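The listed protein sequences derive, respectively, from chains A and B.
Here the first sequence stands for residues 31 to 356, where the numbers follow this note's numbering.
Here the second sequence stands for residues 315 to 594, where the numbers follow this note's numbering.
Heads up, the thing below is written out as structure tokens.
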Amino acid sequence: MPALQILLFGLAIGGTPTGLDFAVIDDDAPMFDAIADGLNSSESLVIHLEVKDETAARSKIASGELWGALVVRNDGTLLLVLDNSNQQVTSTIVVEVREAMTAVLAAQGASLPLEIAEPVYGERDPAFIDFLAPGIMVMVCFMFSIILTTMAFVGERYDGTLDRVFAAGTHPLEVLLGHLTAFSTILIGQVSVVILIAVYGFDIPLEGSLFTLFTLALLLGWAAMCFGLFVSSKAESEFQAMQVIMPVMFPVLLLSGILWPVEGIPLILQPVSWALPTTWSAEAFRSIMIRGWGLEHSVVWKAFLYNAGFAVAMLWLAARTLKVRE
Amino acid sequence: MVAAEDAIRIVGLTRGYGRGKGRIDVLRDLGMEVAAGSIYGLLGPSGCGKTTLLKVILGRLAPESGELRVLGGIPGEGGCAVPGSDVGYSPQEIALYEDLSIDETLLFHGRLHRMSEAAIRQREEWLVSFLDLPAAARQVGKLSGGQKRRVSLAVGLLHEPRLLLLDEPTVGVDPELRARIWMHLKEIAANGTTIIITTHYIDEAGQADRVGLMRNGALLAEGAPAELMAPHGHISLEQTFLLLCRRRPADRDGSSAAEVDGDDEGAEALAAMVGEEVVG
Numbered sequence: 031m032p033a034l035q036i037l038l039f040g041l042a043i044g045g046t047p048t049g050l051d052f053a054v055i056d057d058d059a060p061m062f063d064a065i066a067d068g069l070n071s072s073e074s075l076v077i078h079l080e081v082k083d084e085t086a087a088r089s090k091i092a093s094g095e096l097w098g099a100l101v102v103r104n105d106g107t108l109l110l111v112l113d114n115s116n117q118q119v120t121s122t123i124v125v126e127v128r129e130a131m132t133a134v135l136a137a138q139g140a141s142l143p144l145e146i147a148e149p150v151y152g153e154r155d156p157a158f159i160d161f162l163a164p165g166i167m168v169m170v171c172f173m174f175s176i177i178l179t180t181m182a183f184v185g186e187r188y189d190g191t192l193d194r195v196f197a198a199g200t201h202p203l204e205v206l207l208g209h210l211t212a213f214s215t216i217l218i219g220q221v222s223v224v225i226l227i228a229v230y231g232f233d234i235p236l237e238g239s240l241f242t243l244f245t246l247a248l249l250l251g252w253a254a255m256c257f258g259l260f261v262s263s264k265a266e267s268e269f270q271a272m273q274v275i276m277p278v279m280f281p282v283l284l285l286s287g288i289l290w291p292v293e294g295i296p297l298i299l300q301p302v303s304w305a306l307p308t309t310w311s312a313e314a315f316r317s318i319m320i321r322g323w324g325l326e327h328s329v330v331w332k333a334f335l336y337n338a339g340f341a342v343a344m345l346w347l348a349a350r351t352l353k354v355r356e
Numbered sequence: 315m316v317a318a319e320d321a322i323r324i325v326g327l328t329r330g331y332g333r334g335k336g337r338i339d340v341l342r343d344l345g346m347e348v349a350a351g352s353i354y355g356l357l358g359p360s361g362c363g364k365t366t367l368l369k370v371i372l373g374r375l376a377p378e379s380g381e382l383r384v385l386g387g388i389p390g391e392g393g394c395a396v397p398g399s400d401v402g403y404s405p406q407e408i409a410l411y412e413d414l415s416i417d418e419t420l421l422f423h424g425r426l427h428r429m430s431e432a433a434i435r436q437r438e439e440w441l442v443s444f445l446d447l448p449a450a451a452r453q454v455g456k457l458s459g460g461q462k463r464r465v466s467l468a469v470g471l472l473h474e475p476r477l478l479l480l481d482e483p484t485v486g487v488d489p490e491l492r493a494r495i496w497m498h499l500k501e502i503a504a505n506g507t508t509i510i511i512t513t514h515y516i517d518e519a520g521q522a523d524r525v526g527l528m529r530n531g532a533l534l535a536e537g538a539p540a541e542l543m544a545p546h547g548h549i550s551l552e553q554t555f556l557l558l559c560r561r562r563p564a565d566r567d568g569s570s571a572a573e574v575d576g577d578d579e580g581a582e583a584l585a586a587m588v589g590e591e592v593v594g
């Protein structure tokens, strides 16, 4: 499952859109040829030269035939008209146009007054997938780990095996640790697969240490498994367990800074974000993978600490809930 | 007065599930004594509280009120190896891990009781031949219902506990093997093991040292099979049971109308059960 999830993610998300219909309109401007050539060489855009003026371009955009048009005017200025209904498409087009313009200016020995320096962290053109991938890896690790343990006791309660194990005088903590140990073998395999596919399969940058990343992913998995065990120790049926798990999944996706930075979440909701181990982990994953940070940075060691603390707290709650004598 | 030879002594035990409107009383003011080294047969229709009673004795369920002493201690409290290695429990559900083989199942439970591997193997060899179990390498999930039940019983017997709680261990077991199991139970009881066994087979309960007829969470009557039958002038345990059930509603003091209704239902269920036994 996690392998499939991360595969689908890598295949579907973050690829540059191609085949976008785009018109470049000639107004007999001297710059036209250079810009049209520059845009033509882009893989994302399919350039249409047959559109004659801005009005025609606007009507073609309105009817959905074009994503946008660039009018190259006589006075040396440019007008970009866009269908802005899809932000990713827009940003792809804007990047292409900017690159073509920069190239033309460079050929004339000129440049924009703003120079963008080599970034301290990350790549020159940060891809959306590079921001998203660490978060999605966190999400996948968290989700499958919860699912591993959520049903642990539901079945055992129902079929009487839990009665039998408790009859032998075992302590709830022994039973919990037994489950944790057994599922950890699966966890280790799954986490390795997720990291290997992301980093080696989809070339998602990993600037930091693979070992640090792997260990943090394991800790996150344990935190999630302990949470699953806690839910399992309380739930009386599979239905009840699912009822608790499903509403947890969505906030994890939305509030953990996986899709959108936590800083953009209303202040009143931010405490919820920081209560989730996934928020700390997503921050740390990004720092390890893009910035190349290690345990010496607080973002990273705090994530280690929070996950470990979360795991122990959940295990303690589960041990209190799972009573030998009910 | 506490008789020293009592392995189990229960006074005024009450236990139910849930609270408020949804509450169900399962055990009501139940009293019971089981002598060490005896076999106690617990008889009654399903839903009468037999399993709940066993779980209370086992220390898996806490009593809401009443006194309970098992092997001289209070289950689940310090110094009492119940739950623990003093008790062997064979639940009504099969309660085995389907993915394990018979061998692995016994090894797992043996290790829970800190038995050495050699000791487990020795017991395993004996249990496999005694209970007529299939090859020990067979996976539990692939066994028949009757075979699973015998493995379940084997787990209960494995560590030779001082107290055996067997919840319907002979359902679906053929008569010849059933007789052999009872013979073994009598043998280990003679050596000091205390056994509580619930059963649907009334004739089987006749072999117990004492029988408790249980209904609606209380014991209707308790005694040696012969003692129970004598005052009623009936020749079989079934008929004694039936007679007791029919008389009971009138005997009960202060019982509400609803409870009497419940009793009637119970009596019908019992009559049906006894009828089946007679026909069978």
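Just so it is clear, CB atoms sit at the ideal spot from N, CA and C, and this is done for glycine as well.
Quick caveat: nothing in here was measured; it's all calculated off a predicted structure.
Hey, does residue i have any beta-carbon neighbour from chain B nearer than 9 Å?
i	result
Val184 of chain A	no
Thr200 of chain A	yes
Arg194 of chain A	yes
Ala197 of chain A	yes
Val282 of chain A	no
Asp189 of chain A	yes
Glu356 of chain A	yes
Any Cβ of chain A within less than 9 Å of the Cβ of residue i?
i	result
Ser399 of chain B	yes
His498 of chain B	no
Ala376 of chain B	yes
Lys369 of chain B	yes
Gln406 of chain B	yes
Val442 of chain B	no
Gly531 of chain B	no
Gly330 of chain B	no
His514 of chain B	no
Glu319 of chain B	no
Gly373 of chain B	yes
Ala395 of chain B	yes
Val348 of chain B	no
Arg566 of chain B	For Arg566 of chain B, the pLDDT reaches just 45, beneath the cut-off of 50, and the residue's location in the model is therefore unreliable, leaving the point undetermined.
Tyr403 of chain B	yes
Just to check my reading of the structure: residue i and residue j have Cβ atoms closer than 8 Å, yes? What is that Cβ distance to the nearest angstrom?
i	j	result
Val384 of chain B	Ile416 of chain B	That belief does not hold up - the Cβ atoms of Val384 of chain B and Ile416 of chain B are roughly 30 Å apart, past 8 Å.
Thr120 of chain A	Thr46 of chain A	At roughly 13 Å, the Cβ-Cβ gap does not stay under 8 Å, so Thr120 of chain A and Thr46 of chain A are not in contact.
Met181 of chain A	Ser262 of chain A	7 Å
Ile288 of chain A	Met169 of chain A	6 Å
Leu421 of chain B	Leu441 of chain B	Rounded, the Cβ-Cβ distance is 12 Å, inconsistent with contact.
Ile320 of chain A	Asp83 of chain A	Rounded, the Cβ-Cβ distance is 44 Å, inconsistent with contact.
Gly175 of chain A	Ala254 of chain A	Note that residue 175 of chain A is Ser in the sequence shown, not Gly. Correct: roughly 4 Å between the Cβ atoms.
Ile216 of chain A	Phe244 of chain A	That belief does not hold up - the Cβ atoms of Ile216 of chain A and Phe244 of chain A are roughly 15 Å apart, past 8 Å.
Pro389 of chain B	Val396 of chain B	5 Å
Met61 of chain A	Gly106 of chain A	7 Å
Can you tell me where the beta strand (DSSP E) holding residue i begins and where it ends?
i	result
Ile509 of chain B	Thr508 to Thr513
Val525 of chain B	Arg524 to Arg529
Residue i bridges to which residues according to DSSP?
i	result
Asp417 of chain B	Answer is none; Asp417 of chain B lacks a bridge partner.
His78 of chain A	A:Ala53
Ala532 of chain B	B:Arg529
Ser404 of chain B	B:Leu480
Val384 of chain B	B:Ile322 and B:Gly387
Gly185 of chain A	Paired residue(s): none; Gly185 of chain A is not in a bridge.
Glu347 of chain B	B:Arg323
Tyr354 of chain B	B:Ile510 and B:Arg524
Asp339 of chain B	B:Gly330
Gly98 of chain A	A:Phe52 and A:Leu112
Quick one: give me the first and last residue of the alpha helix (DSSP H) that residue i is part of.
i	result
Glu439 of chain B	Glu431 to Phe444
Ala338 of chain A	Ser328 to Thr351
Gly208 of chain A	Pro202 to Leu226
Ala136 of chain A	Gln117 to Ala137
Gln375 of chain B	For the sequence presented, residue 375 of chain B should be read as Leu rather than Gln. Counting along the chain, Leu375 of chain B falls outside any alpha helix (DSSP H), and DSSP gives it neither H nor E.
Glu313 of chain A	Pro307 to Arg316
Pro539 of chain B	Pro539 to Met543
Phe196 of chain A	Thr191 to Ala197
Ala140 of chain A	That residue, Ala140 of chain A, is in no alpha helix (DSSP H); it is neither H nor E in DSSP.
Met167 of chain A	Phe158 to Thr180
Thr85 of chain A	Glu84 to Ala92
Asp155 of chain A	Here Asp155 of chain A belongs to no alpha helix (DSSP H), and DSSP marks it neither H nor E.
Pro489 of chain B	Pro489 to Ala504
message = Ignoring anything shorter than 4 residues, give me the alpha helix (DSSP H) runs that lie fully in the segment 444–487 of chain B, in order along the chain.
response = 459–471
key: Minimum length 4: unbroken alpha helix (DSSP H) runs contained in the segment 234–303 of chain A   = 240–264 and 268–285
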